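Working notes, beginning with the structure itself.
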Amino acid sequence: MSVLIFIDHTSGMIKKASREAISYGAQLAAQLGTTAEGVLLGNVAEDLSALGQHGVQKVYHLQHTNLDHFDAQVYTKVLAQVADQTGAQVLVFSNNTSGKALAPALSVRLKAGLVSGAVSLPDTSNGFVVKKNVFSGKAFANVAVTTERKVIALNVNAFTITTGTGTAEVASLNVDVPAPKTRVISKDKSSGKVTLSEAEVVVSAGRGLKGPENWGIVEELATALDAALACSRPVADAHWRPHSEHVGQTGVAIAPNLYVAAGISGAIQHLAGVNRSKVIVVINKDPEAPFFKAADYGIVGDVFEILPKFTEAVKKVKGVA
Amino acid sequence: MKILVCISKTPDTTAKIAFTDNNTKFAEAGVQWIINPYDEWYALVRAIELKEANPAITIHLLHVGGTDSEPIIRKALALGGDEAIRVNADPTDSYFVAAQIAEVVRSGGYDLVLTGKETIDYNNGAIGGMVAELLDFPYVALATGLNVEGSTATVKREIEGGEETVEVSLPVVVGCQKGMAEARIPNMRGIMAARTKPLKVTEPVAAEPLTLVAEFGMPPAKAGVKLLSADNVEELVRLLHEEARVI
Ligand SMILES: Cc1cc2nc3c(=O)[nH]c(=O)nc-3n(C[C@H](O)[C@H](O)[C@H](O)COP(=O)(O)OP(=O)(O)OC[C@H]3O[C@@H](n4cnc5c(N)ncnc54)[C@H](O)[C@@H]3O)c2cc1C
Numbered sequence: 043m044s045v046l047i048f049i050d051h052t053s054g055m056i057k058k059a060s061r062e063a064i065s066y067g068a069q070l071a072a073q074l075g076t077t078a079e080g081v082l083l084g085n086v087a088e089d090l091s092a093l094g095q096h097g098v099q100k101v102y103h104l105q106h107t108n109l110d111h112f113d114a115q116v117y118t119k120v121l122a123q124v125a126d127q128t129g130a131q132v133l134v135f136s137n138n139t140s141g142k143a144l145a146p147a148l149s150v151r152l153k154a155g156l157v158s159g160a161v162s163l164p165d166t167s168n169g170f171v172v173k174k175n176v177f178s179g180k181a182f183a184n185v186a187v188t189t190e191r192k193v194i195a196l197n198v199n200a201f202t203i204t205t206g207t208g209t210a211e212v213a214s215l216n217v218d219v220p221a222p223k224t225r226v227i228s229k230d231k232s233s234g235k236v237t238l239s240e241a242e243v244v245v246s247a248g249r250g251l252k253g254p255e256n257w258g259i260v261e262e263l264a265t266a267l268d269a270a271l272a273c274s275r276p277v278a279d280a281h282w283r284p285h286s287e288h289v290g291q292t293g294v295a296i297a298p299n300l301y302v303a304a305g306i307s308g309a310i311q312h313l314a315g316v317n318r319s320k321v322i323v324v325i326n327k328d329p330e331a332p333f334f335k336a337a338d339y340g341i342v343g344d345v346f347e348i349l350p351k352f353t354e355a356v357k358k359v360k361g362v363a
Numbered sequence: 340m341k342i343l344v345c346i347s348k349t350p351d352t353t354a355k356i357a358f359t360d361n362n363t364k365f366a367e368a369g370v371q372w373i374i375n376p377y378d379e380w381y382a383l384v385r386a387i388e389l390k391e392a393n394p395a396i397t398i399h400l401l402h403v404g405g406t407d408s409e410p411i412i413r414k415a416l417a418l419g420g421d422e423a424i425r426v427n428a429d430p431t432d433s434y435f436v437a438a439q440i441a442e443v444v445r446s447g448g449y450d451l452v453l454t455g456k457e458t459i460d461y462n463n464g465a466i467g468g469m470v471a472e473l474l475d476f477p478y479v480a481l482a483t484g485l486n487v488e489g490s491t492a493t494v495k496r497e498i499e500g501g502e503e504t505v506e507v508s509l510p511v512v513v514g515c516q517k518g519m520a521e522a523r524i525p526n527m528r529g530i531m532a533a534r535t536k537p538l539k540v541t542e543p544v545a546a547e548p549l550t551l552v553a554e555f556g557m558p559p560a561k562a563g564v565k566l567l568s569a570d571n572v573e574e575l576v577r578l579l580h581e582e583a584r585v586i
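Okay, structure coming up:
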């Protein structure tokens with residue numbers, strides 16, 4: 043019996059969301075009185091034994107040409123074998139782009155009940171009950187997993203990374219790796235930029251910016267804050283900004299530490315995707331804008347005047363001006 | 340080629356979220372129901388576009404739910420699709436629903452199974468991956484683009500910080516999201532045609548749910564907004580730095 047954590051990586055680097063999953067899995071293992079083990083598929087540049095600092099005792103590192111690109115079907119078959127060989131009782135994924143594809147498939151393959159979008163450790167005082175977000179963050183549900191084995195997909199930015207001093211043993215396993223049925227033909231990845239779903243700070247703007255030509259002041263604030271960019275739905279629909287920046291109930295759901303909303307009214311569908319942000323700052327010239335009701339801090343004023351001042355003040359505080 | 344589009348029913352995005360029966364059930368009274376936006380705007384519309392380009396394609400819609408779901412099934416048929424299937428069962432959990440869908444795919448011989456990336460009520464995003472696993476089909480999640488050429492699908496999918504294009508041979512399950520198509524409104528001809536399109540009802544296969552909701556709850560309310568004046572942006576940043584500690 044153990045807790046097995048899937049460790050995801052991109053461009054040779056372990057994703058921040060996976061460090062959250064490892065920290066979660068390690069605490070869960072301690073709670074269950076068992077060991078926490080990680081599994082990483084493919085090639086990475088990092089030293090995996092260092093992952094022990096987040097609390098895993100062992101990391102299984104499996105390399106094979108068929109694992110060089112992410113194929114949900116192949117990864118599922120391999121992870122199921124790892125789970126069986128290591129006697130894993132709970133599988134932990136980050137609910138990120140890979141976890142969203144893998145966790146449901148593993149749930150079926152292992153006949154293990156799934157909680158996707160988990161936001162805290164399970165309550166194991168009476169069964170195995172995991173809290174998750176529902177209705178796009180407007181509510182939560184405590185989901186009871188009734189099967190012997192369990193699969194948890196932990197929401198990104200929902201759990202704090204813990205860093206201690208441990209070292210993990212790195213091991214391999216003999217598994218059967220089938221050939222993938224998908225073939226990657228191109229990859230378009232903006233390097234260096236902060237990823238929206240993982241970002242700790244997000245600067246978002248809406249129709250109040252009047253047009254795509256005005257995004258410079260939004261980008262400058264984002265740069266000063268080391269933030270990812272987001273936007274409201276009409277902004278993406280009008281192609282002022284790419285679809286990948288559309289946040290809300292029908293776009294990307296995010297939970298950063300700080301969400302700055304400029305010229306966004308705060309419609310219920312927008313709030314639904316951003317209401318898990320820890321601190322919300324709203325800048326809007328209309329004092330009646332609904333967003334102020336969901337905000338922690340607000341300024342009633344013109345974005346064209348406020349955003350440049352905001353950027354300057356941030357630079358001062360960060361000591362870069 | 341046969342496409343199956345899985346359609347879920349969700350409360351309208353402005354519906355009041357409340358619970359009954361000791362917080363174990365969603366309060367449905369007075370709620371307007373809609374087709375889950377990801378299923379309608381992206382999965383269904385993209386299937387319709389593919390059929391417009393290639394009339395030899397057949398589109399079937401599938402819904403797991405009771406008779407009260409028929410209005411939203413008809414609404415989906417008004418957008419397009421040749422016929423609909425309703426599996427007459429309460430959708431208890433993701434696994435149960437996936438098991439019903441997989442059975443329909445098995446007996447119907449579909450080449451392409453489309454789902455939305457998630458439903459906007461339970462936000463599980465589990466159906467596509469579960470159906471694929473039950474059928475041993477490949478699965479592409481979070482797709483933002485889809486094309487089919489002969490027996491090969493080209494799918495664009497979201498990855499952290501970008502997009503990736505993959506080629507996959509049919510049959511395949513694809514989870515659809517924004518970017519794939521533009522939402523449409525049904526026209527009068529579509530609405531008329533939908534009335535006479537076949538809507539078949541089948542009975543569910545046995546499948547044990549793997550999870551159950553023990554209790555719903557609401558997040559704690561915000562303390563209230565701290566308003567600052569427009570000429571005091573420096574104070575806002577100071578508060579974010581020293582009080583909220585997020586800068
Ligand atoms: C089914 C459904 C799903 C939806 N899903 C989403 C979703 O996922 N995400 C989403 O964002 N929306 C979604 N919407 C749309 C949502 O209802 C709103 O229409 C949208 O969020 C409004 O975008 P906005 O705030 O940018 O624009 P507006 O509502 O037009 O607001 C612009 C705001 O900018 C302010 N403003 C204007 N000029 C200035 C200025 N110079 N300085 C300061 N402030 C200024 C105005 O006071 C106003 O409050 C959905 C709608 C439906 C029906």
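Same order as they appear, the protein sequences are chains W and F.
Read in order, the letters of the first sequence are residues 43 to 363 in the numbering used here.
Read in order, the letters of the second sequence are residues 340 to 586 in the numbering used here.
Positions of the beta carbon are idealized from the N, C-alpha and C atoms, including for glycine.
Just so it is clear, the structure is predicted and the values come from calculations on it, not from any experiment.
Given the structure, does residue i come close to ligand 1, in the sense that its CB is under 8 Å from one of the ligand's heavy atoms?
i, result
"Ala264 (chain W)", "no"
"Ala304 (chain W)", "yes"
"Val345 (chain W)", "yes"
"Asn326 (chain W)", "yes"
"Arg318 (chain W)", "no"
"Ile373 (chain F)", "yes"
"Ser274 (chain W)", "yes"
"Ser307 (chain W)", "yes"
"Pro525 (chain F)", "no"
"Arg283 (chain W)", "no"
"Gln311 (chain W)", "yes"
"Phe352 (chain W)", "no"
"Ala415 (chain F)", "no"
"Gln291 (chain W)", "yes"
Which word fits residue i, buried or exposed, when buried means at least 16 other C-beta atoms lie within 10 angstroms of its C-beta?
i, result
"Gly169 (chain W)", "exposed"
"Arg584 (chain F)", "exposed"
"Gly563 (chain F)", "exposed"
"Lys550 (chain F)", "Checking the sequence shown, residue 550 (chain F) turns out to be Thr, not Lys. Classification for Thr550 (chain F): buried."
"Ala395 (chain F)", "exposed"
"Ile524 (chain F)", "exposed"
"Asn462 (chain F)", "buried"
"Gly420 (chain F)", "buried"
"Thr307 (chain F)", "Given a span of 340 to 586 for chain F in the structure shown, any question on residue 307 (chain F) remains unanswerable."
"Ser158 (chain W)", "buried"
"Gly206 (chain W)", "exposed"
"Gln291 (chain W)", "buried"
"Gly253 (chain W)", "exposed"
Short check: CB of residue i to CB of residue j, under 9 Å?
i, j, result
"Ala269 (chain W)", "Val244 (chain W)", "yes"
"Lys561 (chain F)", "Ala130 (chain W)", "no"
"Leu389 (chain F)", "Val426 (chain F)", "no"
"Arg225 (chain W)", "Glu506 (chain F)", "yes"
"Gly97 (chain W)", "Ala71 (chain W)", "yes"
"Lys348 (chain F)", "Thr397 (chain F)", "no"
"Ala160 (chain W)", "Ala195 (chain W)", "yes"
"Ala428 (chain F)", "Ile412 (chain F)", "no"
"Pro146 (chain W)", "Ala354 (chain F)", "no"
"Lys456 (chain F)", "Tyr377 (chain F)", "yes"
"Ala266 (chain W)", "Thr353 (chain W)", "yes"
"Lys517 (chain F)", "Thr493 (chain F)", "no"
"Gly308 (chain W)", "Phe346 (chain W)", "no"
Reducing DSSP to helix, strand and coil, say where residue i ends up.
i, result
"Glu422 (chain F)", "strand"
"Gly556 (chain F)", "strand"
"Asp165 (chain W)", "strand"
"Gln131 (chain W)", "strand"
"Val436 (chain F)", "helix"
"Ile412 (chain F)", "helix"
"Met519 (chain F)", "coil"
"Leu474 (chain F)", "helix"
"Ile325 (chain W)", "strand"
"Tyr461 (chain F)", "coil"
"Phe352 (chain W)", "helix"
"Trp282 (chain W)", "coil"
Does the region 253 to 269 of chain W come into contact with the region 214 to 221 of chain W, if we say contact requires no fewer than three beta-carbon pairs (one atom in each stretch) closer than 8 Å? no
Spell out a yes or no on whether the region 501 to 518 of chain F and the region 179 to 192 of chain W are touching, meaning 3 or more CB-CB pairs, one atom from each, closer than 8 Å. no
Tell me whether the region 435 to 444 of chain F and the region 469 to 480 of chain F touch, counting them as touching only if at least three CB pairs, one residue from each stretch, are closer than 8 Å. yes
The region 363 to 380 of chain F touching the region 569 to 578 of chain F, judged by at least three CB pairs closer than 8 Å: no
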